[in-house]
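Just below is one structure, and these are the notes that go with it.
Numbering (our numbering), first residue to last: 8 to 172.
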């Protein structure tokens, strides 16, 4: 999928993007997952138009502590609504990471991803079993922590509810 590296307008990394920056609390009354995508990053300077630009199958690359803060599921489900294939980050808020796994959204930790040279617009393939991330038409490869077998099974089932059936 095509990469979106989340940086500020000066090109610097943005760490500690919390769930309110991902999905503002003024939209918490929205219950239809398909409507949630339009509000993603609505409270993150420089990224408010992201929902209009992202395409199904795209992949986010984020810095440290992505999704910290509240346990709002909307901050995961909005990316699902937009068709985001995976989120690769240096680290995640623990509740966000668990919510994403339970929703069947691949979240991969790659501690050096922001310094790897991967840029927005590049196309990568991800091997969920090994954690390997390869840039198309390049020799560049980044290693993420692989998903556990249970995580992969939850993802393949379409989320925890389907997995538990």
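Note that beta-carbon positions come from the ideal geometry of N, C-alpha and C, so glycine has one too.
N-terminal and C-terminal residue of the beta strand (DSSP E) that residue i is part of
| i | result |
| --- | --- |
| residue 93 | 93–96 |
| residue 71 | It is not in any beta strand (DSSP E) - residue 71 carries neither H nor E in the DSSP assignment. |
| residue 148 | 148–150 |
| residue 10 | 10–12 |
Residue i, buried or exposed, once every other Cβ within 10 Å from all chains shown has been counted against 16
| i | result |
| --- | --- |
| residue 50 | buried |
| residue 96 | buried |
| residue 149 | buried |
| residue 26 | buried |
| residue 151 | buried |
| residue 70 | buried |
| residue 86 | buried |
| residue 118 | exposed |
| residue 176 | The question about residue 176 has no answer, for the chain in this structure spans 8 to 172. |
| residue 163 | exposed |
| residue 134 | exposed |
| residue 156 | exposed |
| residue 107 | buried |
| residue 111 | buried |
| residue 2 | The first residue shown for the chain is 8 and the last is 172, placing residue 2 beyond what the model contains. |
| residue 62 | exposed |
| residue 122 | exposed |
Minimum C-alpha distance to residue i - residue among the options
| i | options | result |
| --- | --- | --- |
| residue 20 | 115, 56, 72 | 72 |
| residue 68 | 8, 163, 106 | 8 |
| residue 154 | 172, 171, 121, 105 | 105 |
| residue 11 | 161, 64, 166, 40 | 64 |
Simplified DSSP state of residue i, which is helix, strand or coil
| i | result |
| --- | --- |
| residue 132 | strand |
| residue 124 | coil |
| residue 139 | strand |
| residue 40 | helix |
| residue 119 | coil |
Opening and closing residue of the alpha helix (DSSP H) in which residue i lies
| i | result |
| --- | --- |
| residue 163 | 156–164 |
| residue 89 | 81–89 |
| residue 169 | 167–170 |
| residue 108 | 101–110 |
| residue 27 | 26–29 |
| residue 59 | 57–60 |
Minimum Cβ-Cβ distance from residue i to chain C less than 9 Å
| i | result |
| --- | --- |
| residue 112 | In the structure shown, chain C does not exist; there is a single protein chain. |
Segment contact flag, the segment 31–45 with the segment 114–129, C-beta cutoff 8 Å, min 3 pairs: no
Inter-stretch contact (C-beta, 8 Å, three-pair minimum) for the segment 72–81 and the segment 51–63: no
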